[in-house]
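*Asks:* Submitted below is the structure of interest, expressed as structure tokens.
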Amino acid sequence: MAADEVRVQIASDGDIVAARSQGRTLAIKLGFSSGDITLIATAISELARNILSYARQGEILLRAVDGSNRTGILIVAADKGPGISDLRQALRDGFSTSGSLGLGLPGVRRLMDEFEITSEPTQGTTVKVKKWKQ
Amino acid sequence: MEVPILKQGGFLIATVQAALSDADLLQLRAALLERVVRMRSRGVILDVTALDVMDSFASRTIREIAHMIRLRGAETVIVGIQPEVAFAMVQLGLTLEDVATALDLEEGLEYLNQKFKSTTI
Amino acid sequence: MARKRDEGVAVAFQNTSGHATQRSEVTSTLLRELVAHLRQNRTPLREEWVRRITEAQLLTAMTKEEIFAEATSVYDSYVAALETGTFEALQNYARNLSERIIPRGVETHEVVGIVLLLRDVLARSLFAKYQDDFEELNRILDAYEPAANRIANTVAVGFVQERERVIRQQQEAIRELSTPVLQVRERLLILPIIGVIDPQRARQLTEQLLRGIRTNRAKVVVIDITGVAAMDATVANHLVQTVEASRLLGATVIVTGLSPEIAQTLVTIGVDLGKMNTVGDLQGGIEQAERLLGYKVVLIAEAG
Chain H
1 MAADEVRVQI ASDGDIVAAR SQGRTLAIKL GFSSGDITLI ATAISELARN
51 ILSYARQGEI LLRAVDGSNR TGILIVAADK GPGISDLRQA LRDGFSTSGS
101 LGLGLPGVRR LMDEFEITSE PTQGTTVKVK KWKQ
Chain R
1001 MEVPILKQGG FLIATVQAAL SDADLLQLRA ALLERVVRMR SRGVILDVTA
1051 LDVMDSFASR TIREIAHMIR LRGAETVIVG IQPEVAFAMV QLGLTLEDVA
1101 TALDLEEGLE YLNQKFKSTT I
Chain Z
2001 MARKRDEGVA VAFQNTSGHA TQRSEVTSTL LRELVAHLRQ NRTPLREEWV
2051 RRITEAQLLT AMTKEEIFAE ATSVYDSYVA ALETGTFEAL QNYARNLSER
2101 IIPRGVETHE VVGIVLLLRD VLARSLFAKY QDDFEELNRI LDAYEPAANR
2151 IANTVAVGFV QERERVIRQQ QEAIRELSTP VLQVRERLLI LPIIGVIDPQ
2201 RARQLTEQLL RGIRTNRAKV VVIDITGVAA MDATVANHLV QTVEASRLLG
2251 ATVIVTGLSP EIAQTLVTIG VDLGKMNTVG DLQGGIEQAE RLLGYKVVLI
2301 AEAG
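Residue numbers (this note's numbering), protein chains in the order written: chain H, 1 to 134; chain R, 1001 to 1121; chain Z, 2001 to 2304.
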């Protein structure tokens, strides 16, 4: 069976809704609990929003992934925008979001099980997150 | 999609749909403000029962709405946040801290009525 | 009609992703022959298999009729998988079967056992059929072996995965039972938290509480943390999140059982205790909750 994969181009705020909706559909298909589906859709929304705010356009990739004995969803948010110069600052977790450059990345990390980010000033940013089905 | 706004006594009730885009939220903000002024409403209930995701933009815009409405002398209460949405929100650190919240429409109306000690239906 | 033996050894069923892979012409022919043989001899082979299952004392939790019925389904799925080279139907069946038999107490070794027995029964029937042509037997087995292994694997793994899922569900249920959300009065919930709070349990507690708030239309929640085993920053974090999430549902939270040490931890992680409603002990917390809810004796009903 072909891997379930969806790509959503992000260029307008309507695309954020589309990405969420696709994420929700895939998560439902994979059998995630309704609580997890909301977490996934929320994470997608934030990641898509970051793309729009900081890079104007980019892409969200959604794919089903297989671990050893478990299924999960992979979300890759990629853009070729200005990049993040201070990743440590962006990922600093705390109780206020003010320390995290307003990108909500620590929040997204809390929502997901795995989190990976690469960003190069002027090269763009790629955020990869995964959530596993319990 | 435009958010329907109903008048109930001295209050306004705006009922949000599931797929709410940024543009819809901004349109809602403008519409509510306009109506609060025009109808001299004392309270606004924002019903988000159908909302499936509350992200940082939605949260920020809702707080702006509440703030602007307060400047007009009226009170806002958010009702119907779903348990799963609430959970996701706190994970993201979105607490809507300066906005009143209530469980549902009934509670929201009671809250507003208490606030104004009003006997309006 | 001589066929080169090498051509018969094709790369069949080696792709682990479940796609129907390219099989050589020869292997296809062999498999067709094999499938035809298995279909023709369906009845005797099934019966032989069931006989051996009973003999090996497997599936003792099931009646003979049930075993025969399931054996039929497995047999047919087995043959279909051999025929089509695709395993999705078999996987679905395996999951389905597992869902049925796990509650009956069927164990992993039994499932693995019966699948291996089937493999053996079919292999032996092939020996019998091709006993006069060693070369042909070898070719057939070369085609059969990888497929049979794959099938055994699919069924066994399907069963084990289903079992693991059931176990996880049971653990979840146990966790839920051990953290009751109590409704003591109308609109008032009490959540006594006892023991160790790991992230999973914390999440479950929060979700349970939020659902409880909605179902019971609670306006006040008293969370008692006297019994919490270890209050570190992570647990404190979960507590704060629970309080915040409850508020989003319109409920006020009173935290009781807060020792000075815990209060210190909360302050250290940046919690504004001034914003959190705290009371020393559970009793005091309930009293405050009742006050918040306006529970007091009203002697005279007020006129509208």
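Glycine included, C-beta positions come from ideal geometry on N, C-alpha and C.
Determine, using beta carbons only, whether D1022 (chain R) and V1003 (chain R) come nearer to each other than 8 Å.
*Replies:* Counting from one through the second sequence, the residue named residue 1022 (chain R) turns up at place 22. Counting from one through the second sequence, the residue named residue 1003 (chain R) turns up at place 3. Result no, Cβ atoms of D1022 (chain R) and V1003 (chain R) do not sit closer than 8 Å.
*Asks:* With DSSP as the reference, identify every bridge partner of Q2183 (chain Z), one or two as the case may be.
*Replies:* The residue you call residue 2183 (chain Z) lines up with position 183 of the third sequence. Paired residue(s): Z:L2189.
*Asks:* Name the chain Z residues whose beta carbon is nearer than 7 Å to that of F1087 (chain R)?
*Replies:* As a working mapping, residue 1087 (chain R) is identified with position 87 in the second sequence. In chain order: T2206, E2207, L2210 and A2245.
*Asks:* Label L1051 (chain R) either buried or exposed according to how many other C-beta atoms from any shown protein chain fall within 10 Å of its C-beta, with 16 as the threshold for buried.
*Replies:* Counted from its first residue, the second sequence places residue 1051 (chain R) at position 51. It is buried - the Cβ of L1051 (chain R) has at least 16 other Cβ atoms within 10 Å.
*Asks:* Would you mind stating whether V1077 (chain R) and A1100 (chain R) have Cβ atoms separated by less than 8 Å?
*Replies:* Locating residue 1077 (chain R) in the second sequence gives position 77, where the first residue counts as 1. Locating residue 1100 (chain R) in the second sequence gives position 100, where the first residue counts as 1. Going by C-beta atoms, V1077 (chain R) is nearer than 8 Å to A1100 (chain R).
*Asks:* Can you tell me which of the three DSSP states E1075 (chain R) falls into?
*Replies:* The count along the second sequence starts at 1 and reaches residue 1075 (chain R) at position 75. Here E1075 (chain R) sits in strand by DSSP.
*Asks:* D2232 (chain Z): buried (16+ other C-beta within 10 angstroms of its C-beta) or exposed?
*Replies:* If you number the third sequence from 1, residue 2232 (chain Z) lands on position 232. Label assigned to D2232 (chain Z): exposed.
*Asks:* Taking just the CA atoms, how far does G83 (chain H) sit from A1088 (chain R)?
*Replies:* Walking along the second sequence from the start, residue 1088 (chain R) turns up at place 88. Walking along the first sequence from the start, residue 83 (chain H) turns up at place 83. Using only the alpha carbons, I get a separation of about 26 Å.
*Asks:* Name the two residues that bound the continuous alpha helix (DSSP H) containing K2064 (chain Z).
*Replies:* Working through the third sequence from its first residue, we reach residue 2064 (chain Z) at position 64. Looking at the DSSP string, the run of the alpha helix (DSSP H) that includes K2064 (chain Z) is K2064 to T2084.
*Asks:* Name the chain R residues that come within less than 7 Å of R56 (chain H), Cβ to Cβ?
*Replies:* For the purposes of this step, residue 56 (chain H) is taken as the residue at position 56 of the first sequence. Residues of chain R whose Cβ lies closer than 7 Å to the Cβ of R56 (chain H) do not exist, since the nearest Cβ in that chain is about 14 Å away.
*Asks:* List, from N- to C-terminal side, the beta strand (DSSP E) runs of 3 residues or more that fit wholly inside the segment 102-132 of chain H.
*Replies:* 114-120 and 124-132
*Asks:* With 8 Å set as the bound, which would you pick, yes or no: does the beta-carbon of G1093 (chain R) sit closer than that to a beta-carbon of chain C?
*Replies:* The displayed structure is made up of protein chains H, R and Z, and chain C is not among them.
*Asks:* Taking three-plus beta-carbon pairs below 8 Å as touching, is the segment 2182-2196 of chain Z in contact with the segment 2119-2129 of chain Z?
*Replies:* no
*Asks:* Who does I73 (chain H) pair with in a DSSP beta bridge?
*Replies:* Here the question's residue 73 (chain H) lines up with position 73 in the first sequence. H:A64 and H:K131, per the DSSP bridge assignment.
*Asks:* Do the segment 2030-2039 of chain Z and the segment 2051-2063 of chain Z make contact, defined as three or more Cβ pairs closer than 8 Å?
*Replies:* no
*Asks:* What is the C-beta distance between I44 (chain H) and I75 (chain H), in whole angstroms, given that I count them as a contact (C-beta under 8 Å)?
*Replies:* Locating residue 44 (chain H) in the first sequence gives position 44, counting from the first residue. Locating residue 75 (chain H) in the first sequence gives position 75, counting from the first residue. That pair is a contact at about 6 Å.
*Asks:* With distances taken Cα to Cα, identify the nearest neighbour of I16 (chain H) among H:R24, H:R7, H:S33 and H:R49.
*Replies:* Here residue 16 (chain H) refers to the residue found at position 16 of the first sequence. Minimum Cα distance to I16 (chain H) is reached at H:R49.
*Asks:* Between the beta-carbon of T168 (chain H) and the beta-carbon of A78 (chain H), is there less than 8 Å?
*Replies:* Any answer about residue 168 (chain H) is impossible in this case: the structure gives chain H only from 1 up to 134.
*Asks:* Closest to F115 (chain H) by CA distance: which of H:P121, H:G124 and H:V129 is it?
*Replies:* As a first step, residue 115 (chain H) must be located in the first sequence, where it is residue number 115. Among H:P121, H:G124 and H:V129, the Cα nearest to that of F115 (chain H) is on H:V129.
*Asks:* Measure the CB-CB distance between R2119 (chain Z) and A2152 (chain Z) and report whether it falls below 8 Å.
*Replies:* Taking the third sequence and counting its residues from 1, one reaches residue 2119 (chain Z) at position 119. Taking the third sequence and counting its residues from 1, one reaches residue 2152 (chain Z) at position 152. Yes, these two residues count as a Cβ contact at 8 Å.
*Asks:* Please report the residue range of the beta strand (DSSP E) in which G1043 (chain R) lies.
*Replies:* Locating residue 1043 (chain R) in the second sequence gives position 43, where the first residue counts as 1. G1043 to D1047 is the extent of the beta strand (DSSP E) around G1043 (chain R).
*Asks:* So what's K1007 (chain R) in DSSP terms, helix, strand or just coil?
*Replies:* Locating residue 1007 (chain R) in the second sequence gives position 7, where the first residue counts as 1. In this structure, K1007 (chain R) counts as strand in the three-state DSSP scheme.
*Asks:* Identify the contact partners of V1003 (chain R) in chain Z, using a Cβ-Cβ distance below 8 Å as the criterion.
*Replies:* Taking the first residue of the second sequence as 1, we reach residue 1003 (chain R) at position 3. Those within 8 Å of V1003 (chain R) in chain Z number zero; the least Cβ separation is about 20 Å.
*Asks:* How is N50 (chain H) classed by DSSP in three states: helix, strand or coil?
*Replies:* Taking the first residue of the first sequence as 1, we reach residue 50 (chain H) at position 50. The answer is helix: DSSP assigns N50 (chain H) an H, G or I state.
*Asks:* Beta-carbon within less than 6 Å of G104 (chain H)'s beta-carbon, same chain only, minus the 5 sequence neighbours each way: which residues are those?
*Replies:* In the first sequence, the residue the question calls residue 104 (chain H) occupies position 104. So the qualifying residues of the chain are E46.
*Asks:* Please determine if the segment 1066-1080 of chain R and the segment 24-37 of chain H are in contact, where contact requires at least 3 C-beta pairs separated by less than 8 Å.
*Replies:* no
*Asks:* Specify, as a first and last residue, the run of the alpha helix (DSSP H) that D2120 (chain Z) falls within.
*Replies:* Translated into positions along the third sequence, residue 2120 (chain Z) becomes position 120. It spans T2108 to K2129 - the alpha helix (DSSP H) in which D2120 (chain Z) sits, taken as one unbroken run.
*Asks:* Can you check whether the C-beta of Q134 (chain H) is within less than 8 Å of a C-beta belonging to chain Z?
*Replies:* Residue numbering aside, residue 134 (chain H) sits at position 134 when the first sequence is read from its first letter. Closer than 8 Å: yes.
*Asks:* Leaving aside the five residues before and after V1036 (chain R) along the sequence, list all residues of the same chain whose C-beta is less than 8 Å from its C-beta, in chain order.
*Replies:* Position 36 of the second sequence, counting from 1, holds the residue named residue 1036 (chain R). Counting only Cβ-Cβ distances below 8 Å, and skipping sequence neighbours, we find L1012, V1044, I1069, R1072 and A1074.
*Asks:* Between the Cα of L61 (chain H) and those of H:P106, H:Q89, H:R110 and H:A19, spot the shortest distance and give me the residue it belongs to.
*Replies:* Taking the first residue of the first sequence as 1, we reach residue 61 (chain H) at position 61. Checking every option, the nearest Cα to that of L61 (chain H) belongs to H:A19.
*Asks:* Taking the straight line between their C-alpha atoms, what separation do you get for G2158 (chain Z) and L2282 (chain Z)?
*Replies:* The count along the third sequence starts at 1 and reaches residue 2158 (chain Z) at position 158. The count along the third sequence starts at 1 and reaches residue 2282 (chain Z) at position 282. If you take the alpha carbons of G2158 (chain Z) and L2282 (chain Z), they lie about 48 Å apart.
*Asks:* Please specify which runs of the alpha helix (DSSP H), each continuous and at least 4 residues long, are wholly inside the segment 1051-1103 of chain R, giving them in chain order.
*Replies:* Correct list: 1056-1071 and 1083-1092.
*Asks:* Indicate whether the contact test is met: 3 or more Cβ pairs, each with one atom in the segment 2214-2229 of chain Z and one in the segment 2284-2292 of chain Z, closer than 8 Å.
*Replies:* At 8 Å Cβ cutoff, the stretches touch.
*Asks:* Rounded to whole angstroms, how far is the Cβ of G81 (chain H) from the Cβ of R109 (chain H), which I believe are closer than 8 Å?
*Replies:* Here the question's residue 81 (chain H) lines up with position 81 in the first sequence. Here the question's residue 109 (chain H) lines up with position 109 in the first sequence. Not confirmed; about 20 Å, so no contact.
*Asks:* How about the segment 2033-2050 of chain Z and the segment 2076-2086 of chain Z: do they share at least three Cβ pairs that are nearer than 8 Å?
*Replies:* Enough Cβ pairs lie closer than 8 Å, so yes.
*Asks:* Counting only runs of 3+ residues fully inside the segment 2205-2252 of chain Z, write out the beta strand (DSSP E) ranges in chain order.
*Replies:* Listed in chain order, the complete beta strand (DSSP E) runs (minimum 3 residues) inside the segment 2205-2252 of chain Z are 2220-2228.
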